Amino acid sequence: MKVIRLVPDTDGAVPWPVLDKEKRSVVTIGTFDGVHKGHAAVIRRTAELAEKYGSFSVVIMFDPRPSFVHSHSSIGPGIHIPAAPAPVQDDGSPQDGSIQFGGNNEPDPEDPEAISSAGQRIQWIRDLGIQYLLIVRYTPGFARQTYINFLGQLVGKLGMRTLVLGADARFGRGLEGNVKTSRTVAASTGVFEVDAVEDQGRGFTWVFPDVQYHVPDSAGEPANPLNSMSKADRRAWTKKHHMVRVRDWSSSHVRDALAGGRIAEAAEVLGRSPQIRGEVVHGEARGRQLGFPTANLGGTIEGFIPVDGVYAGYVTDAGHRWPAAVSVGTKETFRDAADAHSDSERVVEAYIIDETGLDLYGHTVTIEFTAFMRPQARFGSFQELIAQLGEDSQRAKAIISGRRKTA
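Counting with UniProt numbering, you get residues 1 to 407 for the letters of the sequence shown.
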């Protein structure tokens, strides 16, 4: 798969590449945050039609998330979206093998609610058999383009013969572009067609209008509280909390599930375990002193960090995948009593089970979450903490072993 990063100018014009003057393209567009099962269905359909027609398969991916850009623009003069290039290797070449048209070396704005980084999405889209991935820098200028103008560019610059859209796809100024309006343009011009992929999930669910973390109050994987409610209770609950109705297979559903520690629910939508990625840094070595050395993530962490708690999961590095007990939180036992109710930096650390002597410092590792085990707790002594860490590692090992047997 060839990856090309495209940076619009101040007016929002995109420097589209010429793929081939003779060969046409089957194109899909979207943010594809998390590349969940709904996204995968659309992308696979794009690859399938491209093969059928002898065309290029092209995914146009927006980055950062449009909702992230617009949420900042709505509360002030607007967030500055720099034309950030891909991370580079020591020789200056992009780590993901991409080519960039335009841009500079300003850093990426951080989006803590993104399920996945651009790098993670590149990896997952590549696995779906796409030939070209065009990453368009989403800016306020680009957002002002009409959907008709955008469709014209896809036909004129990329030779689009088919546009593949999910049922709820929206794009262009005012989000006026959708399946219906795109089909109207296709019918009036006769130069492309629209292929709509119907929702294949379990219908709809309800989520909070913005990300709200809810720490489970007991051990074990929490259930979605809506599942046990009657229709009347659910209606009252969703109205009281101003909840919004979204597709079951949606990025909003994944965020809501992870913010409540509902790992299995998020994994069902994603089609894989939720995961984050980051560099292992030196911590305070407290885990090592207690007999449970951990890999601590530092710097920018890619992916959505779930609600505070202790999880069963995996750590992956350079093709090696180890079972782990993963802690997300503020190290309650080591905080001063006077500081117990103040905000503190959230830390992600993983204890790799039954492995000794691993040196992962400086490595970029992936941490997968497979199950929520318990909420964070403050212990009265180090002995109590050590005993609990031992229980956590054994429970994580049992959970992972059980899943292997049923896989």
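Cβ atoms here follow ideal geometry from the backbone N, Cα and C, with glycine treated the same way. None of these values were measured; they are calculated from a predicted model.
Backbone secondary structure at residue i - three-state DSSP
i	result
residue 69	helix
residue 219	coil
residue 2	strand
residue 57	strand
residue 115	coil
residue 105	Its pLDDT being 41, under 50, residue 105 is placed unreliably in this model, and the coordinates cannot settle the point.
residue 22	coil
residue 39	helix
residue 50	helix
residue 76	Because residue 76 sits at a pLDDT of 39, beneath the cut-off of 50, its placement in the model cannot be relied upon, and the point is left open.
residue 265	helix
residue 124	helix
residue 8	coil
residue 17	coil
residue 85	Confidence at residue 85 is low in this model, with a pLDDT of 48, below 50, so the placement of that residue should be treated as unreliable; the coordinate-derived value is given next. Of the three classes helix, strand and coil, the one that applies to residue 85 here is coil, per DSSP.
Paired residues, beta bridge with residue i - DSSP
i	result
residue 28	59, 164
Anticipated Cβ contact below 8 Å, residue i with residue j, distance rounded
i	j	result
residue 43	residue 128	5 Å
residue 144	residue 12	6 Å
residue 177	residue 150	7 Å
residue 195	residue 162	6 Å
residue 246	residue 208	Contact flag wrong, Cβ pair sits at about 10 Å.
residue 310	residue 367	Contact flag wrong, Cβ pair sits at about 13 Å.
residue 308	residue 346	7 Å
residue 410	residue 133	The structure shown does not extend to residue 410, since the chain spans only 1 to 407, so no value can be given for it.
residue 323	residue 353	5 Å
residue 372	residue 221	5 Å
residue 125	residue 68	Between residue 68 and residue 125 the Cβ distance is about 19 Å, and since that is not below 8 Å, they are no contact.
residue 268	residue 117	Not confirmed; about 22 Å, so no contact.
residue 348	residue 276	7 Å
residue 281	residue 315	Not a contact, Cβ separation roughly 14 Å.
residue 136	residue 192	Not a contact, Cβ separation roughly 19 Å.
residue 111	residue 65	6 Å
residue 317	residue 360	6 Å
residue 27	residue 229	The Cβ separation is near 42 Å, so there is no contact.
residue 36	residue 271	7 Å
Start-to-end residues for the alpha helix (DSSP H) that takes in residue i
i	result
residue 131	Run containing residue 131: none; DSSP gives neither H nor E here.
For this session: Pick out the complete beta strand (DSSP E) segments inside the segment 134 to 187, 3 residues or longer, and give them in chain order.
Result: Within the segment 134 to 187, complete beta strand (DSSP E) segments of at least 3 residues are found at 160 to 166, given in chain order.
Exercise. Which runs of the alpha helix (DSSP H), 4 residues or longer, sit entirely within the UniProt domain "Riboflavin kinase" (269 to 401)?
Worked result: 286 to 289
For this session: Go through the segment 186 to 258 residue by residue and report every complete run of the alpha helix (DSSP H) that reaches 4 residues or more, in order.
Result: 231 to 240
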